[in-house]
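Asker: Just so you know, we're using the working numbering here: the sequence shown kicks off at 9 and counts up by one. Every residue gets a Cβ at the ideal spot worked out from N, C-alpha and C, and that includes glycine. Once you've had a glance at the structure underneath, I'll fire off some questions.
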Amino acid sequence: MTRDEFPGWHGTTIIGVKKDGEVVIAGDGQVSLGQTVIKGTARKVRRLSPGGFDVVAGFAGSTADAFTLLERLEAKLEATPGQLARASVELAKDWRTDKYLQKLEAMLIVTDGTELLIITGAGDVLEPEHNIAAIGSGGNFAMAAARGLIDSDRDAETVARDAMAIASDICVYTNGNLTVEKISK
């Protein structure tokens, strides 16, 4: 069976919310193959600490591809300590130009507590508007919910959790089993 013939892996809603000096990245735990839930407790949000510099990353897409990208990001962060944007741009450049990396099917949301960025395989490093980033199959649902909640009295974590709850009620590829990491500067 070729990659194109293999039923589609679906999964992951990741959201990043920046508010009042805190950044939270939350992700659901569902991984689906076609119409079947394969796992409901996957951990798609991770804390990286290259050189003692804390970064939180969430990924959507192929798990193996995402881990490859996270390893590359860690290496870039070790080469440019404390410079998340620069490391992210270097990763995006490699991802876009390296023939092996071009085949990777994943997206990342990363933060160091100050910057909140989306990194894509198209060579994009995006700082989202409204301090909300979302990726994955339920990303648009989570983003819409978070935009509606961001101006309330809720903190960043509550906005992220509530937005993920709304997304999991709408998107069949998203569940309510969350991993949440908070970071502040």
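Using 10 angstroms around the beta-carbon of K26, count the other beta-carbons present and answer buried if the total reaches 16, otherwise exposed.
Answerer: buried
Asker: Which runs of the alpha helix (DSSP H) fall wholly inside the region 84 to 113 and span at least 4 residues, in chain order?
Answerer: 92 to 105
Asker: I need the straight-line Cα distance from R4 to E189, nearest angstrom please.
Answerer: Nothing in the structure corresponds to residue 4, since the chain is present only between 9 and 193.
Asker: In this structure, does DSSP put S176 in helix, strand or coil?
Answerer: helix
Asker: Going by DSSP, which residues form a beta bridge with F67?
Answerer: L116
Asker: Taking all protein chains shown into account, do 16 or more other C-beta atoms lie within 10 angstroms of the C-beta of T49, making it buried, or fewer, making it exposed?
Answerer: exposed
Asker: Cα separation between E165 and V97?
Answerer: 27 Å
Asker: Would you check if the distance between the CB atom of R104 and the CB atom of G129 is smaller than 9 Å?
Answerer: yes
Asker: Under 6 Å Cβ to Cβ from G146, same chain only, skipping five residues before and after it: list those, please.
Answerer: Sequence-distant partners of G146 (beyond 5 residues in either direction) whose C-beta falls short of 6 Å from its own C-beta, in its chain, are T21, A175, C179 and T182.
Asker: In chain order, what are the residue ranges of uninterrupted alpha helix (DSSP H) at least 4 long that sit wholly in the region 121 to 189?
Answerer: 147 to 157 and 164 to 178
Asker: Check whether the Cβ atoms of I33 and I46 sit closer than 9 Å, and answer yes or no.
Answerer: no
Asker: Helix, strand or coil for G60 per DSSP?
Answerer: It is helical.
Asker: If distances are taken between C-alpha atoms only, which option among E123, A68 and A100 comes closest to I143?
Answerer: Comparing alpha carbon positions, the residue from E123, A68 and A100 closest to I143 is A68.
Asker: Compute the minimum distance between the beta carbon of F75 and the heavy atoms of the ligand ZN, and state whether it is under 8 Å.
Answerer: With respect to the ligand ZN, the structure offers nothing, as it holds no ligand at all.
Asker: If you follow the beta strand (DSSP E) that A34 is in, where does it begin and where does it stop?
Answerer: E30 to G35
Asker: Using 9 Å as the threshold, is the C-beta distance between L116 and A74 below it?
Answerer: yes
Asker: Taking C-beta to C-beta, are V118 and A83 nearer than 9 Å?
Answerer: It is not a contact, given that the beta carbons lie outside the stated cut-off.
Asker: Select from R162, A153 and G60 the residue whose C-alpha is nearest the C-alpha of T88.
Answerer: If we check each option's Cα against that of T88, G60 comes out closest.
Asker: Can you tell me whether K111 is buried or exposed, with buried defined as 16 or more other CB within 10 angstroms of its CB?
Answerer: Only exposed fits K111, as fewer than 16 other CB atoms lie within 10 angstroms of its CB.
Asker: With distances taken between CB atoms, is the gap from Q38 to N148 smaller than 9 Å?
Answerer: No, they are not a contact pair.
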